[in-house]
Every structure is written in C-alpha cells, then in structure tokens.
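If you read the sequence shown in my numbering, its first letter stands for residue 9, the second for the next number, and so on. C-beta atoms are modelled at their ideal positions from N, C-alpha and C, and glycine is treated no differently.
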Amino acid sequence: MGDGKLNNGVSGKMLRKGEYTIYNGKEYRFIESDLVEAIELISNDKKDMENGFTYYKNNIYTKIVGVNEVKELYSINPYAVYKGEVFPASQERKTGKVLLDTTNTELAKRMGFERTDKYMYSKSVKWDEVEIIEERKPYSLD
C-alpha cells in the first residue's frame with residue numbers, strides 16, 4: 009500500500025479518489041492546468057461561484073488557481089477492509105455499492121469474487137460490510 013497516510017472513516021457514502029488540495033480552508037479535487045504552476049479546482053457546490061468558480065456543466069464548477077494559492081497537493085486512493093483483507097475500492101455508479109478488486113486468484117475464490125477480466129476478480133459489497141481507509145500521498149506537478 010505504499011507509504012501514504014491512511015485516514016479512516018468516510019462520511020456521506022462516497023469514495024474519494026484522485027488529486028485533492030486545500031483552497032481557502034476547503035478541500036477540492038483538482039486537475040492539472042495547461043498554465044504553468046497552476047491547477048484547476050473542481051467543485052460540485054454552486055455556492056463556490058461566489059468565490060470565482062465558473063459553471064462548467066452538470067453541477068460542475070471550476071476555477072484555475074496558482075499552486076502558490078493552495079496548501080498542499082495530494083492524491084487519495086481508497087481501500088476497503090473486507091473480512092480482514094485489504095482491497096482497492098471504487099464506487100459502483102449504478103448501485104452505489106463498494107466494488108472490490110483483486111488479481112489474487114486464491115483470495116478471489118475464497119472470498120466469492122467473480123472473474124471480470126483475464127486477471128481481475130471483483131465483488132460488489134454493501135457499505136456496512138467494509139471499513140474504508142484512504143491512502144494519501146503527496147502529489148507533485150512535475
């Protein structure tokens with residue numbers, strides 16, 4: 009799992025995955041910008057338009073800020089502890105359940121995973137069947 013920091017407990021039943029930063033005391037997801045030393049913040053909160061965000065589409069608002077305007081850049085990868093084992097986790101779009109993945113054939117068979125790809129096995133579980141942990145690693149624009 010690397011040497012990232014783990015945070016337990018995720019509220020609101022949503023898995024966070026991707027690059028994040030803190031801007032004006034609030035956490036935002038971001039993508040790299042074409043501008044040098046800048047990033048593009050992404051928000052789903054219409055109120056952020058009061059803070060210079062512009063409407064993009066479908067409840068998505070964006071704002072380009074300089075890297076010097078944010079605290080830190082980090083990437084988050086969610087994992088789920090399921091029956092004592094740790095799996096990479098993602099969220100199923102249709103059901104909202106937690107999707108677990110593994111390439112470990114023995115583990116997959118023992119845990120009742122289904123084969124979803126040549127080397128990949130997956131299982132969809134309810135939120136209360138797992139404990140979500142987040143791996144946080146510093147992110148660099150280089």
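{"Query": "Serine 130 Cβ short of 7 Å to the ligand COA heavy atom set", "Result": "In the structure on display, the ligand COA does not appear, and there are no ligands present to speak of."}
{"Query": "First and last residue of the uninterrupted beta strand (DSSP E) at lysine 71", "Result": "68-74"}
{"Query": "Alpha carbon of glycine 74 to alpha carbon of leucine 81, nearest angstrom", "Result": "12 Å"}
{"Query": "CB contact flag (glutamate 143, asparagine 85, <8 Å)", "Result": "yes"}
{"Query": "Residues that leucine 115 bridges to, as DSSP identifies them", "Result": "DSSP, once it has assigned bridges, lists no residue as partnering leucine 115."}
{"Query": "Segments of 3+ residues assigned as beta strand (DSSP E) that fall wholly inside the region 32-92", "Result": "34-40, 46-51, 62-65, 68-74 and 81-90"}
{"Query": "Minimum C-alpha distance to aspartate 53 - residue among Gly26, Thr111 and Lys65", "Result": "Lys65"}
{"Query": "As assigned by DSSP and simplified to three states, the class of aspartate 150", "Result": "coil"}
{"Query": "Contacting residues, own chain, Cβ-Cβ under 7 Å from lysine 91 (five flanking each side not counted)", "Result": "Met119"}
{"Query": "Reference valine 78; option with closest CA among Lys134, Thr29 and Glu139", "Result": "Thr29"}
{"Query": "Within 8 Å, strictly: CB atoms of phenylalanine 38 and glutamate 27", "Result": "yes"}
{"Query": "Between the CA atoms of methionine 57 and isoleucine 72 - distance to the nearest angstrom", "Result": "13 Å"}
{"Query": "Where the beta strand (DSSP E) containing aspartate 109 begins and where it ends", "Result": "106-110"}
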